[in-house]
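Residue numbers (the working numbering), protein chains in the order written: chain F, 318 to 476; chain X, 5 to 753.
Only one structure is covered here, and it is reproduced in the block below.
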Amino acid sequence: MPARTVSVTMTVNGRVRTLEVQPHHTLLQCLREQLELTGTKECCSMGECGACTVIVDGRSVNSCLMLAAEADGCTVTTIEGLAQDGRLNALQESFLEAGAVQCGFCIPGMVMAAQDLLNHNPHPTVEQIKEGLAGNLCRCGGYARIIEAVHAASRGKME
Amino acid sequence: MSAEWIGKSPRRVGGFERVTGAQQFLADIRLDGTLSVRLVHVDCGHAKIIEVDTSEAAKVPGVHRVLTAADLPQPVPRFGPTFQDRPVIAVDEAKFFGEPVAAVAAETDDAAQEAAAQVRVRYEELRGVYTIDDALDSGAPLVQDPSLRPKDPLRNTNTLEELKFGWGDVEKAHADVVVEDTYTFPMVTHFAIEPYAFMAAPDGDGIRVWSPIQHPFILQRIIADVLELPLAKVRIFAPDPGGGFGGKGYPKFEPLLAFLALKTGRPVRLVLTLEESFQAGRRMANRVRVRSGFLRNGSIVFHDIMADCMIGAYVDIAARVVEKASYTACGPYRVPNARILSRALLSHTTPSTAFRGFGVPQMSWAVESQLDEAARKLGIDRVEIRLRNLPRKGEVFIPGDLPCDGNWDEALRKAAAAVDWGSPLARGRGRGIALGLKISATYAASYVVLRLHYDGSATLMTGTSDMGQGARTVFSQIVAHEMGIPLSQVAVVMGDTAVVPYDTSTSASRSTVIMGTAVFRACQELKAQIRRLAADTLSASENEVVVDRGVIHGPKGDLTFLAFLRDFLGSTRGELIAVGQEVKKKTWKHPLAGTTVFYELSCTAAEVEVDTGTGMILIHTFATVGDVGKALNPQHVEMQDGGAAVMGLGHTLMEHLILDASGRIRNLGALDYRIPTIKDLPLQMHSLAIENEDGPGPYGSKGTGEGGLLATSPAVGSAVQEATGVKIRDLPLTPERIWQGLQDHVRGR
Chain F
318 MPARTVSVTM
328 TVNGRVRTLE
338 VQPHHTLLQC
348 LREQLELTGT
358 KECCSMGECG
368 ACTVIVDGRS
378 VNSCLMLAAE
388 ADGCTVTTIE
398 GLAQDGRLNA
408 LQESFLEAGA
418 VQCGFCIPGM
428 VMAAQDLLNH
438 NPHPTVEQIK
448 EGLAGNLCRC
458 GGYARIIEAV
468 HAASRGKME
Chain X
5 MSAEWIGKSP
15 RRVGGFERVT
25 GAQQFLADIR
35 LDGTLSVRLV
45 HVDCGHAKII
55 EVDTSEAAKV
65 PGVHRVLTAA
75 DLPQPVPRFG
85 PTFQDRPVIA
95 VDEAKFFGEP
105 VAAVAAETDD
115 AAQEAAAQVR
125 VRYEELRGVY
135 TIDDALDSGA
145 PLVQDPSLRP
155 KDPLRNTNTL
165 EELKFGWGDV
175 EKAHADVVVE
185 DTYTFPMVTH
195 FAIEPYAFMA
205 APDGDGIRVW
215 SPIQHPFILQ
225 RIIADVLELP
235 LAKVRIFAPD
245 PGGGFGGKGY
255 PKFEPLLAFL
265 ALKTGRPVRL
275 VLTLEESFQA
285 GRRMANRVRV
295 RSGFLRNGSI
305 VFHDIMADCM
315 IGAYVDIAAR
325 VVEKASYTAC
335 GPYRVPNARI
345 LSRALLSHTT
355 PSTAFRGFGV
365 PQMSWAVESQ
375 LDEAARKLGI
385 DRVEIRLRNL
395 PRKGEVFIPG
405 DLPCDGNWDE
415 ALRKAAAAVD
425 WGSPLARGRG
435 RGIALGLKIS
445 ATYAASYVVL
455 RLHYDGSATL
465 MTGTSDMGQG
475 ARTVFSQIVA
485 HEMGIPLSQV
495 AVVMGDTAVV
505 PYDTSTSASR
515 STVIMGTAVF
525 RACQELKAQI
535 RRLAADTLSA
545 SENEVVVDRG
555 VIHGPKGDLT
565 FLAFLRDFLG
575 STRGELIAVG
585 QEVKKKTWKH
595 PLAGTTVFYE
605 LSCTAAEVEV
615 DTGTGMILIH
625 TFATVGDVGK
635 ALNPQHVEMQ
645 DGGAAVMGLG
655 HTLMEHLILD
665 ASGRIRNLGA
675 LDYRIPTIKD
685 LPLQMHSLAI
695 ENEDGPGPYG
705 SKGTGEGGLL
715 ATSPAVGSAV
725 QEATGVKIRD
735 LPLTPERIWQ
745 GLQDHVRGR
């Protein structure tokens, strides 16, 4: 017997979306499978790797740990929501400029976690950057350049 | 004039897609009517499969097919890059924890998951081979069916191969000092952030298979073999891997998906969980015993090496890993007498496969540590003992192979300087330094097609996989540089065997050198064509025409490529096409089927501080120096080198797969298996390069994808020993081990 679905309305990347979700589906599944926003990645599915990081109501969350139904009424920003009209935002630009992107699979989550950090703390110290990104794994080992990228983006804000 | 692109660091080609989420990794690709696949496995490492009851699973709404070995051609096809020993799905026995005994294809992933849980497998757990000692126990069960290698005298043992390399005479060599020790290196997993994923779909009388595979042409061959199809009817799509590190080199569940696609007549899709990815590939575990002799002045007299290498239940590429790593086990030194004996031992564990460094980190952990031990006994500085034994450029150090191809002492000195080697140390601190040497490809067949379009832009078609190393960027730079066109006018097409020409593999840090050479040659071929054709347009003889990147110089004036193409192709349009290739045939006289194309040499140096209360290591300064020949894109080189170094810190400080008595991985998943996070970075990291333009690749380049982790463990281990007096021989260097070592040290044990 098909499970009863839950009606959810959320604002995703500025657009109001109303959809029926399975009660056991995560926000990650909903974004990827129903809204076809595949920029958000799945890796560990247990909130350890950060690949699925999105911003919900102004806070970064692991979308694999949040049920889609819990996002009812929420405002969600995914990696697809950062660039405007094909123009990268400052953080995305500085990830490219600093050479912070290798295979790129962790990058959407990494950028979203960094964006959340900058939203709350526009000029973080290196220690604060490390703390802010401690939940995002990069197996290519590009951390040093990721720190540089976040730092450069934060400096840009000061100018 | 056009810009020069070599030695510059333009932004990564494909970077825009990666920071916007537009990059399509395999799991992001959607095909209409795709069935979701889930696998069923038993809860131990070795079991006899008595019955697989799929009746309940088949009743789950949405289930399309439940496949077991009984549904496949009999005998069930087996595959592998070197030994064809791995069945498409488990037959009679499950030989490692995670080996699928059934696969479910359903309309939704939920239905597939539910049905997989409903498959009832009756099995009997059997005694398993889970350690090196198990594998060497004559009473242990055989992992591999002896009928798979009927002529092999070792068929009734768990030793797949015994390899012997060496030269000189270890027995007769005179040494002033002999040191002997045993070092272990545990199983570790690749942990690419992109878990393995696969798709397959029927394609008329052929098949299409999607895999984030590093070597699409090896997958094509294997699918063609198991399905008995011509290569032309097997089309492999290989989207850029989200991290490979060797783990995505060789086929795993693609043959199973191919059969499922043909059985169901539908596209099928399997995305593994991270836990299942742990169970799909790993680095081999080693126990290396080394006896080494030295003269009083520090010269190495001999190395006598016995390496037991625990590979998995199926061979995959592991035999080649054992072979290549053993061959260079003595490292980058002048060693007059060497005896290297290695055993590849089968076990009921996850098949071990290629993993960045290809077996070298396991060997260098042991052999480099021996140099430090000798240095201490002889009262010689650890940098000095290495300098004393390094060959000079041009000197043969592995008989019959490529002579030393770099100024390796430069790398050593530069790394030493980066950690202020020799300056006074603060209390609780220590320094270590080590070298790593890896051979690259010993044979190759790499082709490219380069098309120059009507508007002067160019499309390069190549079988290399861009898994983060930046092959697209570097190849674009070569084309832009040689053809004198902007980088933005070069497109690189990869990842479709129906479109790109053959390539052996994306492995062994080979692509810049080998595929790069093919790219470079295609550019020269294109310029030669232009020269021939332009002679007409310019009413000149061919030898009066000079093609210099984007400009054609003739006796009466110059012509741009664009003007030439407009004139030559005319309003009919069209394009110029060139093929470039780099082929190095196998030579069976050589133990590795050929000499190496170049040596990948790297030096690691570290200054650490150890908290004696907890055993925690804090790395203050960490330096890696690679001999890269020429950095075509310095930023990319640094990213590869620094990234490898961080990965090396993972297996040195924290990573190991732990099995229970039933062969199950106890620390399965991201919570219990830790890899370096951003907080584990050394306080200061230096990623440096030696550039003497002495490599065989374009502009004198060498490969550099792996060097950064070849010598991490011995460098850090040596630093810990200097800081604490404690010598650890078993990786990883966990706080518990160091703390225990400190306690034993205090008690004088």
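Virtual Cβ for every residue (Gly too), placed ideally from N, Cα, C.
8 Å Cβ cutoff met for residue i and residue j
i, j, result
"Val378 of chain F", "Leu408 of chain F", "no"
"Gly49 of chain X", "Gly143 of chain X", "no"
"Arg483 of chain X", "Val494 of chain X", "Note that residue 483 of chain X corresponds to Val in the displayed sequence, not to Arg. The answer is yes: Cβ separation under 8 Å."
"Glu604 of chain X", "Thr708 of chain X", "yes"
"Pro245 of chain X", "Ser469 of chain X", "yes"
"Phe169 of chain X", "Ser330 of chain X", "yes"
"Pro85 of chain X", "Tyr254 of chain X", "yes"
"Pro190 of chain X", "Gly467 of chain X", "no"
"Phe29 of chain X", "Pro216 of chain X", "yes"
"Gly25 of chain X", "Gly449 of chain F", "no"
"Val325 of chain X", "His655 of chain X", "no"
"Ala205 of chain X", "Leu35 of chain X", "yes"
"Val56 of chain X", "Pro104 of chain X", "no"
"Ala448 of chain X", "Lys252 of chain X", "no"
Sequence-distant residues of its chain with Cβ nearer than 7 Å to residue i (five each side left out)
i, result
"Arg295 of chain X", "Val182, Glu184 and Asp308"
"Lys593 of chain X", "none"
"Val67 of chain X", "Ala61, Val108, Ala110, Ala115 and Ala119"
"Arg16 of chain X", "Gly474 and Thr477"
"Arg22 of chain X", "none"
"Thr501 of chain X", "Pro220, Phe221, Gln224, Arg239 and Ile240"
"Asp389 of chain F", "Val325, Thr326 and Met327"
"Leu382 of chain X", "Val181, Phe298, Arg300 and Gly302"
"His352 of chain X", "Gly49, His50, Lys99, Phe100, Gly132, Val133, Tyr134, Val147, Ala317 and Gly667"
"Leu672 of chain X", "Glu279 and Phe282"
Listed by chain order, chain X residues near residue i by CB distance under 7 Å
i, result
"Pro425 of chain F", "Gly25"
"Ala400 of chain F", "Thr24"
"Cys366 of chain F", "Ile197 and Ala674"
"Val418 of chain F", "Arg16, Gly19, Arg22 and Val23"
"Ile536 of chain F", "Past the edges of chain F, shown from 318 to 476, lies residue 536 of chain F, and the structure says nothing about it."
"Val428 of chain F", "Val23"
Own chain partners of residue i with C-beta closer than 6 Å, once the 5 adjacent residues on each side are dropped
i, result
"Glu465 of chain F", "Ala415"
"Gly331 of chain F", "none"
Amino acids of chain F, ordered along the chain, whose beta-carbon sits closer than 7 Å to that of residue i
i, result
"Asp32 of chain X", "Thr355"
"Asp199 of chain X", "Residue identity differs from the one stated: residue 199 of chain X is Pro in this sequence, not Asp. Chain F residues near Pro199 of chain X: Cys360."
"Leu685 of chain X", "Tyr460 and Ala461"
"Thr277 of chain X", "Ser362"
Distance cut-off 7 Å: residue i Cβ against heavy atoms of the ligand NAP
i, result
"Glu579 of chain X", "The ligand NAP is not part of the structure shown, which contains no ligands of any sort."
Exposed unless 16 or more other CB atoms sit within 10 angstroms - verdict on residue i
i, result
"Arg462 of chain F", "buried"
"Glu476 of chain F", "Because the pLDDT at Glu476 of chain F is just 40, under 50, the model does not fix this residue reliably, and the point stays unresolved."
"Asn637 of chain X", "buried"
"Val400 of chain X", "exposed"
"Gly375 of chain F", "exposed"
"Asn436 of chain F", "exposed"
"Ile372 of chain F", "buried"
"Asp89 of chain X", "buried"
Same chain, Cβ closer than 8 Å to residue i, neighbours up to 5 away in sequence not counted
i, result
"Ile556 of chain X", "Ile534, Arg535, Ala538, Leu542, Val549, Val550, Asp562, Leu563, Thr564, Phe565 and Phe568"
"His485 of chain X", "Glu8, Trp9, Ile10 and Arg553"
"Gly520 of chain X", "Val478, Phe479, Ile482, Leu636, Gly701, Pro702 and Ser705"
"Val724 of chain X", "Gly434, Gly436, Val612, Val614, Ile621, Val730, Ile732, Leu737 and Ile742"
Contact set between residue i and chain X, taken where Cβ atoms lie within less than 8 Å
i, result
"Gln409 of chain F", "Val23 and Thr24"
"Arg456 of chain F", "His194, Phe195, Ala196, Ile197, Gly247, Phe249, Met651 and Ile679"
Closer than 8 Å at the beta carbon, the chain F residues around residue i
i, result
"Met643 of chain X", "Gly416, Gln419, Cys457, Gly459 and Arg462"
"Gln122 of chain X", "Near Gln122 of chain X there are no residues of chain F at all, since even the closest Cβ is about 15 Å away, more than 8 Å."
Under 9 Å by beta carbon: chain X residues contacting residue i
i, result
"Leu405 of chain F", "Phe20, Val23 and Thr24"
**Request:** Only counting runs of 3 or more residues, tell me where the beta strand (DSSP E) segments fall wholly within the segment 457-521 of chain X, in order along the chain.
**Result:** 462-466 and 494-497
**Request:** Just list the beta strand (DSSP E) runs in the segment 228-308 of chain X, keeping only unbroken ones of 3 residues or longer that don't cross its boundaries, in chain order.
**Result:** 238-241, 272-275 and 289-298
**Prompt:** Whole alpha helix (DSSP H) runs in the segment 409-463 of chain F with 4 or more residues, listed along the chain?
**Reply:** 424-437 and 443-449
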